[in-house]
Amino acid sequence: MTIDIDNAVSRVRHDLKFRRIEVQTVRHVSPHLLSVTFTGDDLKDFVSSSFDDHIKLFLPPPGEPLVLPSMGERGPVFPDGAPRPVARDYTPRRYDNAAGTLDIEFVLHGDGPASTWAAQAAPGQTLGIGGPRGSFVVSDELNWYLLIGDATALPAIGRRIESLPASARAFVVAAVADVADRLDFRSAADVQTTWVTTEADGSAPALVDAVAALDLPDGIGHAWAGGESTTMRAVRQHLLEVRRMDKRLVRASSYWKRGASGVHESLDD
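Start counting the sequence shown at 1; every next residue gets the next number (full-length UniProt numbering).
If you want it as structure tokens, here you go:
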């Protein structure tokens, strides 16, 4: 079968909507990864078409009501004088349309607002979400898939691995702080997983060496990377300059940056 690289990745746009959601259940996926299942009438027309979609999570200030923006001519607008929620980007880990539930996984680390909220999350609590605005949908018919990331990327990696068909071959290179945080990805695909350990500050430069050591098969593959900014830039550089991968088949994102807060940006040209 001939693979059309130009159509290997397609972009889908979604209407931007803001929704109120309520905590239904909370459970630990690993010692430092918490899964929160949300429900609510606003989820009825929720759409998430790709594993690396991101939604804006709105956390109300302590002791204040949740206030969501509305869409103005130039984008989201908050009511004058209303308490602004803290906004952070997260991956929709799993959406069950029939059950009307949305799962979001939180890495428990430090004292960031989202991590702090997740650590005390309980049924009945309310948050807001916006998006996703769009999806990058990767074909399931490529020869192989490479997924790279630190703990913040595990929800996206897990979602992708679970969705791959039995005919697919995938390679995962992931970093966590402790052996107990390693996940057992379930997939119909043929998946090879390499785990490395993060540094004390959560970064994972060892990912670059682990990717460089991979014996990737021939054929056309797609690489995806998400995590700390400096490491993801180095991973992307290796894939493009050493592996000589086609830029159209490499997608890298910064999920966080040392010394900065609320960072989420594409590293693609």
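Glycine included, C-beta positions come from ideal geometry on N, C-alpha and C.
A quick note: this is a predicted structure, and the numbers were derived from the prediction, not measured.
Drop a sphere of 10 angstroms on the beta-carbon of Ser10, count the other beta-carbons inside from all chains shown, and report buried for 16 or more, exposed for fewer.
-> exposed
Go ahead and label Arg74 buried or exposed: buried means 16 or more other beta carbons lie within 10 angstroms of its beta carbon, across all protein chains shown.
-> Arg74 should be labelled exposed.
Which of the three DSSP states, helix, strand or coil, is assigned to Ser115?
-> In the three-state DSSP reduction, Ser115 falls in the helix class (H, G or I).
Go ahead and label Val176 buried or exposed: buried means 16 or more other beta carbons lie within 10 angstroms of its beta carbon, across all protein chains shown.
-> buried
First and last residue of the beta strand (DSSP E) that includes Gln192?
-> Asp190 to Thr197
For Arg251: DSSP bridge partner residues | Trp224
Span of the beta strand (DSSP E), counted from its first residue to its last, around Arg93 = Counting along the chain, Arg93 sits inside the beta strand (DSSP E) bounded by residues Pro92 to Asp96.
Whole runs of the beta strand (DSSP E) within the region 105-173, excluding any shorter than 3 residues = 126-130, 134-138 and 144-149
Write down the C-beta distance between Ala8 and Val138 rounded to the nearest angstrom, noting that I regard them as a contact closer than 8 Å.
-> 7 Å
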